[in-house]
Amino acid sequence: MLKNGILSLLIFGILLIGISAIDANMKIIECTACNDGIRKLHWNEINYGLIIGMSVIISIIPNLIRIIKRTKKPAYNTV
23 MLKNGILSLL IFGILLIGIS AIDANMKIIE CTACNDGIRK LHWNEINYGL
73 IIGMSVIISI IPNLIRIIKR TKKPAYNTV
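Heads up, the sequence shown is in the working numbering, so the first residue is 23 and it goes up one at a time.
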């Protein structure tokens, strides 16, 4: 259980950094009228809830797969 928790936190951290980096790069790429390549961010342009939510959901998926596999073990005939 401890191993699964640590694995989930590690996946969460990696995803949080990765999704944030992708979002930052997309904001720079969509910049078509920037001054000298500098893009200014205004209030509510960074959706923290979406970034953290996606990271949490994706980091839980491996544990959910393990739980589903454990509950769907085949039932053997004991007759």
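Note that beta-carbon positions come from the ideal geometry of N, C-alpha and C, so glycine has one too.
Comparing alpha carbon positions, the residue from ILE68, LEU37, LEU29 closest to MET48 is ILE68. If you look at ILE82, you'll find it in the alpha helix (DSSP H) that goes 70-93. ILE82 places its beta carbon 8 Å or farther from that of SER42.
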